[in-house]
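Peer 1: Supplied in structure tokens, the structure appears directly below.
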Amino acid sequence: MPADLAADTAVRALDASPGWYVADLPPNWDYRTPSGGVLMTLALRAMQAELADPALRICSATTLFCSPVPAGPVEIQVAVLRHGGAAAQVRAALSSTLAPGPGLEVSATFARRREGFDFTDAVPPEVPPPDEAQELAETVPFAKVRPPFFENLDSRLALGDDWWQGPWEGGEARYARWLRYRVPQRLESGLLDPLALCPVADTMPPAVVQKLGRGFKPFVAPSLDLTVHFLDDTPREWLLVSAYCRRALGGIASADVEIWDDERRLLAFGTQVMIFRRLAAGLLDGKPG
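Residue numbers (the working numbering): 10 to 298.
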């Protein structure tokens with residue numbers, strides 16, 4: 010059964026420790042460890058709870074991934090740096106209670122809606138709509154492993170090659186797919202929960218693979234950081250996640266992502282630095298460990 014992101018990233022305040030929250034993240038959102046974007050969503054939920062101000066809307070957030078955080082119990086310490094009439098700025102530290110290390114640090118800006126300019130100076134890539142796009146298996150391209158993360162999403166190819174299924178020729182470092190949560194992530198207003206954008210934003214490495222083509226050494230690309238700007242709301246379910254890698258050098262790469270809905274609204278923009286590591290031998294054999 011597909012997992013519910015909202016339920017899996019629910020947080021609980023510790024009454025005896027102001028600013029502290031706990032959660033229990035199941036392995037439903039793992040690649041090998043939990044998606045960095047899902048961990049970011051967890052931290053942002055704790056920030057929202059600490060602010061307790063529904064009129065404040067998430068505008069931007071930056072996450073530094075400092076050490077691996079396994080699935081299981083986590084704790085989140087939230088510090089409100091500013092809570093003014095127009096905006097709030099918040100910092101959170103999330104760490105595992107089972108594994109050593111600082112985990113991740115998130116800083117975020119929230120703001121109230123106000124009068125101002127309204128324009129979008131960008132256009133989505135020309136791709137087939139989701140009902141005409143090819144369904145993707147989303148297995149690791151070098152083996153036969155499907156990460157649990159993708160069990161929770163419908164995935165369809167929008168731009169690039171279906172390299173999940175076999176060899177392909179390298180080309181421009183762009184890759185786009187349509188993604189839709191199998192358990193809809195909606196607010197009471199009927200709009201998509203903006204915190205559901207973080208996990209799909211953290212899916213940029215395929216742009217690197219699209220550039221390389223066949224014959225490269227298998228790798229994984231853990232996130233070192235992730236920044237997301239939350240730009241618009243939508244009642245739609247299908248998300249066009251379009252990634253581009255501008256530069257790879259010295260074992261790291263810089264990439265960005267745009268997230269559009271199927272009515273051409275630009276919902277979010279993100280950037281990321283990733284580090285390349287050789288794929289573990291077990292995954293090369295199609296084994297999960």
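Glycine is no exception: its CB is placed at the ideal position from the N, C-alpha and C atoms.
Inspect the beta-carbon positions of T42 and P79 and report whether they are closer than 8 Å.
Peer 2: Yes, Cβ-Cβ distance for T42 and P79 is below 8 Å.
Peer 1: By the three-class DSSP mapping on this structure, what secondary structure does A32 have?
Peer 2: Note: A32 maps to strand in three-state DSSP.
Peer 1: Name the DSSP beta bridge partners of S164, please?
Peer 2: DSSP lists L188 as partners of S164.
Peer 1: With 16 other CB atoms within 10 Å as the buried threshold, where does I261 fall?
Peer 2: I261 comes out exposed.
Peer 1: Please state the DSSP three-state secondary structure of P27.
Peer 2: Looking at P27 - three-state DSSP - the assignment turns out to be coil, as it is neither helix nor strand.
Peer 1: So which of M283, R274, P134 has the shortest CA-CA distance to S263?
Peer 2: Of M283, R274, P134, the residue nearest in Cα terms is M283.
Peer 1: If you run the structure through DSSP and keep just helix, strand and coil, what is M56?
Peer 2: Three-state DSSP puts M56 in a helix.
Peer 1: Looking only at its own chain, which residues have a Cβ that is under 8 Å from the Cβ of A131, when we skip the five neighbours before and after it?
Peer 2: Same-chain partners within the cutoff: E267, L275.
Peer 1: My understanding is that V136 touches A167, with C-beta atoms under 8 Å, so please give their C-beta distance in whole angstroms.
Peer 2: Their Cβ separation, rounded to whole angstroms, is 4 Å, which keeps V136 and A167 in contact under 8 Å.
Peer 1: Taking C-beta to C-beta, are A108 and I85 nearer than 8 Å?
Peer 2: No, the Cβ-Cβ distance between A108 and I85 is not below 8 Å.
Peer 1: According to DSSP, what are the bridge partners of E114?
Peer 2: Partner(s): L73, A102.
Peer 1: How about the stretch 64–76 and the stretch 114–125: do they share at least three Cβ pairs that are nearer than 8 Å?
Peer 2: Cβ pair count under 8 Å is three or more, so yes.
Peer 1: Between which two residues does the alpha helix (DSSP H) holding V218 run?
Peer 2: Element bounds for V218: 215–221.
Peer 1: Do V99 and V83 come within 8 Å of each other at the CB atom, strictly closer than that value?
Peer 2: No, these two residues do not count as a Cβ contact at 8 Å.
Peer 1: My assumption, with CB atoms under 8 Å, is that F301 sits in contact with S44. Please give the rounded CB distance.
Peer 2: What the structure shows of the chain is the stretch from 10 to 298, and residue 301 is not part of that stretch, so it cannot be assessed.
Peer 1: I'd like to know whether the C-beta atoms of D265 and G279 end up nearer to each other than 8 Å.
Peer 2: Cβ atoms of D265 and G279: closer than 8 Å.
Peer 1: How big is the Cα-Cα spacing for M213 and P139?
Peer 2: M213 and P139: Cα-Cα distance of roughly 19 Å.
Peer 1: Are L196 and R165 touching if we call contact CB-CB under 8 Å?
Peer 2: Against a cut-off of 8 Å, the Cβ pair of R165 and L196 comes out as no contact.
Peer 1: Whole-angstrom Cβ separation of G46 and V209, contact assumed at under 8 Å?
Peer 2: That belief holds up - the Cβ atoms of G46 and V209 are roughly 7 Å apart, short of 8 Å.
Peer 1: Take the Cβ of G224 as the centre, count every other Cβ of all protein chains shown within 10 Å, and call the residue buried at 16 or more, exposed below.
Peer 2: Exposed is the call here.
Peer 1: Between A25 and G110, what straight-line distance do the alpha-carbon atoms span, to the nearest angstrom?
Peer 2: Each residue's alpha carbon lies about 24 Å from the other.
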